[in-house]
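Protein chains in written order, with my numbering: chain A, 4 to 266; chain B, 468 to 689. The beta carbon of each residue, even a glycine, is placed where N, CA and C say it ideally should be.
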Amino acid sequence: MTLIDLANPSRFLALTARVLPWLAGATVILLAIGLYQSAFAPDDYQQGATVKIMFIHVPNAWLSMFVWGVMSVASLGTLVWRHPLADVAAKAAAPIGAAFTFLALLTGSLWGRPMWGTYWEWDARLTSVLILFLMYLGLMALWRAVEDPSRAARAAAVLTLVGAINLPIIKFSVDWWNTLHQPASVMRMGGSTLDKSFLIPLLVMAIAFTLLFVTLHLAAMRNEILRRRVRSLQMMQASRIAFSSEMGAGSREENASKEAGAA
Amino acid sequence: MTALSALVRRDVRIALRVGGGALIGVLFFLTVVVLMPFAVGPDLALLSRLGPAILWLGALLASLLTLDRLFMADHEDGSLDLITMSRTPLELACAAKALAHWLAAGLPLIVATPVLGLLLNLDMVATGAVALTLLAGTPALTFTGMIGAALAVTLHRGGLLMAVLVLPLSIPVLIFGVAASQAAIIGPMSFGAPFSILCALSLVSLVIGPFAAAASLRHGLD
Numbered sequence: 004m005t006l007i008d009l010a011n012p013s014r015f016l017a018l019t020a021r022v023l024p025w026l027a028g029a030t031v032i033l034l035a036i037g038l039y040q041s042a043f044a045p046d047d048y049q050q051g052a053t054v055k056i057m058f059i060h061v062p063n064a065w066l067s068m069f070v071w072g073v074m075s076v077a078s079l080g081t082l083v084w085r086h087p088l089a090d091v092a093a094k095a096a097a098p099i100g101a102a103f104t105f106l107a108l109l110t111g112s113l114w115g116r117p118m119w120g121t122y123w124e125w126d127a128r129l130t131s132v133l134i135l136f137l138m139y140l141g142l143m144a145l146w147r148a149v150e151d152p153s154r155a156a157r158a159a160a161v162l163t164l165v166g167a168i169n170l171p172i173i174k175f176s177v178d179w180w181n182t183l184h185q186p187a188s189v190m191r192m193g194g195s196t197l198d199k200s201f202l203i204p205l206l207v208m209a210i211a212f213t214l215l216f217v218t219l220h221l222a223a224m225r226n227e228i229l230r231r232r233v234r235s236l237q238m239m240q241a242s243r244i245a246f247s248s249e250m251g252a253g254s255r256e257e258n259a260s261k262e263a264g265a266a
Numbered sequence: 468m469t470a471l472s473a474l475v476r477r478d479v480r481i482a483l484r485v486g487g488g489a490l491i492g493v494l495f496f497l498t499v500v501v502l503m504p505f506a507v508g509p510d511l512a513l514l515s516r517l518g519p520a521i522l523w524l525g526a527l528l529a530s531l532l533t534l535d536r537l538f539m540a541d542h543e544d545g546s547l548d549l550i551t552m553s554r555t556p557l558e559l560a561c562a563a564k565a566l567a568h569w570l571a572a573g574l575p576l577i578v579a580t581p582v583l584g585l586l587l588n589l590d591m592v593a594t595g596a597v598a599l600t601l602l603a604g605t606p607a608l609t610f611t612g613m614i615g616a617a618l619a620v621t622l623h624r625g626g627l628l629m630a631v632l633v634l635p636l637s638i639p640v641l642i643f644g645v646a647a648s649q650a651a652i653i654g655p656m657s658f659g660a661p662f663s664i665l666c667a668l669s670l671v672s673l674v675i676g677p678f679a680a681a682a683s684l685r686h687g688l689d
């Protein structure tokens with residue numbers, strides 16, 4: 004089973020239909036274990052019970068960057084290998100990545116209130132994650148601005164790759180900006196080394212969230228494929244109606260059937 | 468080479484003539500700077516402290532405003548298809564177009580900076596620092612903005628969408644541009660470090676911009 008075997012959407016749908024229940028089950032079990040472990044993790048000597056926000060916050064923040072990585076690989080698939088499902092993968096990943104980024108910002112903000120005394124601070128990390136969130140939103144706006152999926156796919160692929168090059172630059176420049184304007188403030192996340200009693204639940208939660216992403220991503224890809232099929236069926240029907248009402252609409256029919264084949 | 472220089476000369480000439488819209492950017496820059504005292508109050512000390520930031524923001528918005536004309540006009544009259552099909556590599560043609568755009572729309576902003584600095588109560592050193600950082604930084608704005616312009620022309624959507632896509636990419640340029648001018652004015656950081664990074668950003672975007680724009684034109688125009 005190679006990647007190219009999945010190029011056929013029907014085969015992809017059949018395979019994911021078999022895999023998805025298992026993935027969903029594994030996600031639920033791991034999430035339950037992770038939540039149980041993090042609920043019974045000891046309180047931090049400084050932060051008290053609020054340290055438990057970490058078990059939600061850190062996996063979200065980790066995935067917010069991981070999803071952009073997945074989208075970059077998918078964009079390479081669109082532009083270089085012309086894999087037919089690559090743009091479906093890229094499109095389906097964007098809203099999920101935006102959601103993870105938003106949750107990372109939200110939980111971080113809720114954690115920041117008791118710890119730092121403020122919901123928002125123009126800290127380097129917070130700012131660069133906020134910019135990442137803005138870039139996700141811009142990418143989603145680009146997807147929504149164009150009706151033709153294949154045209155939007157290539158534009159979004161270029162933007163995703165440019166973003167992948169730019170994100171580290173933005174990250175470093177924001178770090179630099181922060182050190183310029185804001186001398187050492189009180190923001191040190193817990194301790195630098197995590198105790199085992201925190202580390203193990205955190206790792207379980209990270210794996211659970213990754214599985215959650217894979218599950219949601221595959222499900223969203225299935226939805227996207229079905230949505231495109233519906234779209235090309237509608238277009239075929241529309242062109243059939245147009246064909247019966249006026250002569251010389253054959254070329255349109257041909258276009259529509261070509262599109263149906265592509266989807 | 469002659470083809471590229473001809474392209475540059477043609478674009479500059481079009482931009483400077485009636486309907487080209489290069490000088491609109493300067494007018495917009497002036498308007499943004501004039502609006503600032505109304506927003507923050509006519510306090511000269513405060514204005515001179517905020518001056519570099521205001522000038523940089525104004526220049527950023529002004530260069531963004533003129534960017535969506537970069538490929539749009541050529542696409543409308545069909546010459547973009549000729550450029551795409553010509554024997555000159557599309558990457559070089561994109562770079563030439565961006566260079567022409569910077570000459571016609573970016574340089575006037577820098578020339579206007581001393582006058583606007585006067586309005587914001589900036590002294591000679593501060594004005595010079597802002598003009599110098601703009602000179603080093605605006606090519607980066609043009610060359611990264613070109614990616615957005617190329618995307619906009621292939622999607623037939625300009626304006627706001629392009630601004631949403633391009634503005635996050637220009638954050639590093641803004642950070643280091645303002646940092647370098649502040650370093651020159653009040654210190655205590657050295658001017659050299661942020662200024663070199665600003666130049667580096669411009670050089671990087673000089674490489675990435677044409678390739679990304681050419682890729683999106685090539686994939687999008689067919």
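Check your understanding: Counting Cβ pairs closer than 8 Å, one from the stretch 484-504 of chain B and one from the stretch 548-559 of chain B, do we hit at least three?
Key -> Counting Cβ pairs under 8 Å, fewer than three are found: no touch.
Practice item. Taking Gly-518 of chain B and Gly-595 of chain B to be in contact with their CB atoms under 8 Å, please state how far apart those CB atoms are, rounded to whole angstroms. Key: Here residue 518 of chain B refers to the residue found at position 51 when the second sequence is read from its first residue. Here residue 595 of chain B refers to the residue found at position 128 when the second sequence is read from its first residue. Gly-518 of chain B to Gly-595 of chain B, Cβ: 12 Å. No contact.
Review point. Is the CB-CB distance between Leu-16 of chain A and Ile-228 of chain A below 8 Å?
Key: Numbered from its first residue, the first sequence carries residue 16 of chain A at position 13. Numbered from its first residue, the first sequence carries residue 228 of chain A at position 225. Taking 8 Å as the Cβ cut-off, Leu-16 of chain A and Ile-228 of chain A qualify as a contacting pair.
Point to revise | Within chain A, the residues that Ile-638 of chain B reaches when beta carbons sit closer than 8 Å | key: Along the second sequence, read from residue 1 onward, the residue named residue 638 of chain B stands at position 171. Neighbours of Ile-638 of chain B on chain A, chain order: Ile-134, Ile-173, Ser-176, Val-177.
Practice item. Consult DSSP for Asp-90 of chain A and reduce its assignment to one of helix, strand or coil. Key: As a position in the first sequence, residue 90 of chain A is number 87, starting the count at 1. Asp-90 of chain A: helix per DSSP, three-state reduction.
Review point. Is the number of C-beta pairs between the stretch 201-212 of chain A and the stretch 54-63 of chain A that are closer than 8 Å three or more?
Key: yes
Review point. Per DSSP, what kind of secondary structure is Gly-654 of chain B in: helix, strand or coil?
Key: Position 187 of the second sequence, counted from the first residue, corresponds to residue 654 of chain B. Here Gly-654 of chain B sits in coil by DSSP.
Exercise for review: Flag this pair as touching only if the stretch 73-87 of chain A and the stretch 23-37 of chain A have three or more C-beta atom pairs under 8 Å; answer yes or no.
Suggested key: no
Practice item. With distances taken Cα to Cα, identify the nearest neighbour of Leu-537 of chain B among B:Ala-572, B:Val-631, B:Ala-579. Key: Taking the first residue of the second sequence as 1, we reach residue 537 of chain B at position 70. Ranking B:Ala-572, B:Val-631, B:Ala-579 by Cα distance to Leu-537 of chain B puts B:Ala-572 first.
Check your understanding: What do you reckon, are the CB atoms on Val-633 of chain B and Gly-604 of chain B nearer than 8 Å?
Key -> The residue labelled residue 633 of chain B in the question sits at position 166 within the second sequence. The residue labelled residue 604 of chain B in the question sits at position 137 within the second sequence. Not a contact, by the Cβ cut-off of 8 Å.
Practice item. Tell me, to the nearest whole angstrom, how far the beta carbon of Ser-515 of chain B is from that of Ala-158 of chain A; I am working on the premise that it is less than 8 Å. Key: As a first step, residue 515 of chain B must be located in the second sequence, where it is residue number 48. As a first step, residue 158 of chain A must be located in the first sequence, where it is residue number 155. Not a contact, Cβ separation roughly 43 Å.
Check your understanding: Taking C-alpha atoms, which residue in B:Leu-557, B:Ser-546, B:Leu-527 lies nearest to Thr-600 of chain B?
Key -> Numbered from 1 along the second sequence, position 133 holds the residue referred to as residue 600 of chain B. Comparing Cα positions, the closest option is B:Leu-527.
Exercise for review: Answer yes or no: does any C-beta atom of chain B fall closer than 8 Å to that of Gly-141 of chain A?
Suggested key: The residue you call residue 141 of chain A lines up with position 138 of the first sequence. Cβ-Cβ to chain B under 8 Å: yes for Gly-141 of chain A.
Check your understanding: Mind listing which residues of the stretch 610-628 of chain B have their C-beta closer than 7 Å to chain A's C-betas, in chain order?
Key -> Ile-614, Leu-618, Thr-621, Leu-622, Arg-624, Leu-628
Point to revise | chain B residues whose Cβ lies nearer than 7 Å to that of Ile-56 of chain A | key: Against the first sequence, residue 56 of chain A aligns to sequence position 53. Ordered by position in chain B, no residue passes the 7 Å Cβ test against Ile-56 of chain A, which lies about 27 Å from the chain.
Review point. For a contact meaning CB atoms closer than 7 Å, what does Phe-643 of chain B contact in chain A?
Key: Working through the second sequence from its first residue, we reach residue 643 of chain B at position 176. Result: Ser-176.
**Study point:** Between the CA atoms of Val-640 of chain B and Phe-105 of chain A - distance to the nearest angstrom
**Key:** On the first sequence, residue 105 of chain A is found 102 positions in, with the first residue counted as 1. On the second sequence, residue 640 of chain B is found 173 positions in, with the first residue counted as 1. Between Phe-105 of chain A and Val-640 of chain B, the C-alpha separation is close to 25 Å.
Point to revise | Whole-angstrom C-beta distance between Pro-661 of chain B and Ala-647 of chain B, which should lie under 8 Å | key: Counted from its first residue, the second sequence places residue 647 of chain B at position 180. Counted from its first residue, the second sequence places residue 661 of chain B at position 194. About 4 Å; that satisfies the 8 Å criterion.
Practice item. Tell me the start and end of each unbroken alpha helix (DSSP H) in the stretch 565-624 of chain B that is at least 4 residues and wholly inside, in chain order. Key: Counting only runs of 4 or more, we get 574-586, 591-622.
Review point. Mind checking if Arg-154 of chain A is an interface residue toward chain B, Cβ cutoff 8 Å exclusive?
Key: Along the first sequence, one-based indexing puts residue 154 of chain A at 151. For Arg-154 of chain A, the answer is yes, since a Cβ of chain B falls inside 8 Å of its Cβ.
Practice item. Spatial neighbours of Phe-643 of chain B within its chain, please: CB distance less than 6 Å, with the 5 preceding and 5 following residues excluded, ordered by chain position. Key: To locate residue 643 of chain B, count along the second sequence from 1; it is residue 176. Taken in chain order, the residues that qualify are Pro-661, Ile-664, Leu-665.
**Study point:** CB contact check: Pro-186 of chain A to chain B, cutoff 8 Å
**Key:** Within the first sequence, the letter at position 183 stands for residue 186 of chain A. Confidence at Pro-186 of chain A is low in this model, with a pLDDT of 42, below 50, so the placement of that residue should be treated as unreliable; the coordinate-derived value is given next. Closer than 8 Å: no.
Review point. Using CA coordinates, which residue listed in B:Phe-495, B:Gly-654, B:Leu-559 is at the minimum distance from Val-592 of chain B?
Key: On the second sequence, position 125 is the one that residue 592 of chain B refers to. Distance check between Val-592 of chain B and each of B:Phe-495, B:Gly-654, B:Leu-559 places B:Gly-654 closest, using alpha-carbon atoms only.
Point to revise | Alpha-carbon spacing of Met-208 of chain A relative to Ala-44 of chain A, whole angstroms | key: As a working note, residue 208 of chain A is residue 205 in the first sequence. As a working note, residue 44 of chain A is residue 41 in the first sequence. Looking at the two C-alpha atoms, the distance is approximately 13 Å.
**Study point:** Status (buried if at least 16 other CB within 10 Å, exposed otherwise) for Met-613 of chain B
**Key:** Within the second sequence, numbered from 1, the residue matching residue 613 of chain B stands at position 146. Buried, because 16 or more other Cβ atoms sit within 10 Å of the Cβ of Met-613 of chain B.
Check your understanding: Would Val-189 of chain A be called buried (16 or more neighbouring beta carbons within 10 Å of its own) or exposed?
Key -> To locate residue 189 of chain A, count along the first sequence from 1; it is residue 186. Residue placement at Val-189 of chain A is poorly supported in this model, since its pLDDT is 39, which falls under 50; the coordinates are not used for a value here.
Check your understanding: Counting contacts by CB-CB distance shorter than 8 Å, is Gly-687 of chain B in contact with chain A?
Key -> Within the second sequence, the letter at position 220 stands for residue 687 of chain B. Output row for Gly-687 of chain B: interface = yes.
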